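First up is the structure itself, then whatever we jot down about it.
In the UniProt record's numbering, the protein residues as written are 1 to 328.
Below you can see the structure in the form of structure tokens.
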């Protein structure tokens, strides 16, 4: 990433943000920004969407406040504006959430480039398109940043901070700081198909679709296998910390190599990053170092690991979320 950038001040704790696109995601994003004290100009050519914003946003706002007056005050910070030129005035950031069509986003960003001063950040909520393609017609590409929310965006705290080759490192840090200011967590990743979260998510789902096609396991058994084994561990610790806490790197490498030799599928082949750890003797928490480093004795780590997992599984058992949500 380049080291220089247009003069972009740190994200303000309050200010004006323009959200372009009043559909589902635009509605969520605008409400979230209003909740965190920003004035929002919500722009869309579809005046019916603008007119229905408050009705659609009220349940979202209600997740932040029980008091109807507080909800009203939150929604009052969002003004609807059909004119893009008017909506962007005074904004420190424009966040695009329009249709996931390249030509639509390209045309919009070309307009934003013309309307907005150089210090205004131009963010996109794209879930699949590359920043370099979206900004193909933009002169000031250095201010384009991906801020991709994961549905439901007002609840899921992780936001992808996506950067291209032309994105300055300072803008990535700006994005992280902004995301932190709205009580979310920014995960930075370079542009590539699927970015970070969908790349991981669909690697798992693609394998699950294959298991379903082959009749290896039923729908219910697949869901139970994930939610009662992989799911809770990932929710607590993520995949790499889970591996450190649960299994030796040597075992992890042996399993991946075994799957590769049985299937011939290159996706199962042990990767360099894992092999390097094994060759260096960094087997995980058991040796004091794996993907992470550990100061506490291994026995203490295991006790705390098991307490956290037991607490979460008991919490899930008591609430029976599957029984409440899943259709027959």
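Idealized CB from N, CA, C, for every residue including glycine. Here the structure is a predicted model, which means the values were calculated and not measured.
| Query | Result |
| --- | --- |
| Entirely enclosed beta strand (DSSP E) segments - the region 99–170, minimum 3 residues | 121–124, 144–149, 158–163 |
| Rounded C-alpha distance that separates residue 143 from residue 150 | 22 Å |
| Length of the line joining the Cα atoms of residue 221 and residue 247 | 24 Å |
| Rounded Cβ spacing between residue 236 and residue 309 (contact assumed at less than 8 Å) | 7 Å |
| CB-CB length for residue 123 against residue 94, believed under 8 Å | 7 Å |
| Exposed unless 16 or more other CB atoms sit within 10 angstroms - verdict on residue 255 | exposed |
| Nearest to residue 164 (by Cα), restricted to the options 67, 141, 285 | 141 |
| Sequence-distant residues of the same chain with beta carbon closer than 8 Å to residue 212, five excluded per side | 219, 222 |
| Run of the alpha helix (DSSP H) containing residue 53, from where it starts to where it stops | 53–62 |
| Residue 230 beta carbon less than 7 Å from that of residue 191 | no |
| Option in 139, 169, 179, 145 with minimal Cα separation from residue 157 | 179 |
| Pick from 160, 183, 204, 167 that is closest to residue 196, judged by C-alpha positions | 160 |
| Extent of the continuous beta strand (DSSP E) to which residue 17 belongs | 16–20 |
| Local conformation of residue 92 per DSSP, three classes | strand |
| Buried or exposed by the 16-neighbour rule on C-beta atoms within 10 Å, applied to residue 209 | exposed |
| Residue of 52, 204, 295, 244 minimising C-alpha distance to residue 225 | 204 |
| Host beta strand (DSSP E) of residue 186 (start-end) | 185–190 |
| Start and end residues, beta strand (DSSP E) containing residue 78 | 78–81 |
| Given residue 399 as reference, the closest of 276, 303, 320, 245 once Cα atoms are compared | In the structure as shown, the chain starts at 1 and stops at 328, and residue 399 therefore has no counterpart that could be examined. |
| Nearest-angstrom Cα separation, counted from residue 216 out to residue 193 | 29 Å |
| At least three beta-carbon pairs within less than 8 Å, the region 67–85 to the region 40–56 | yes |
| CA-to-CA distance, residue 324 to residue 98, given in whole angstroms | 33 Å |
| For residue 35, the nearest candidate out of 175, 24, 102, 181 (CA to CA) | 181 |
| Residue 257 in three-state terms, based on DSSP | helix |
| Three-state secondary structure (DSSP) of residue 264 | coil |
| Selection from 155, 139, 91, 257 that minimises the alpha carbon distance to residue 12 | 91 |
| Continuous beta strand (DSSP E) stretch holding residue 42: start and end | 39–43 |
| Within 7 Å, strictly: CB atoms of residue 70 and residue 43 | no |
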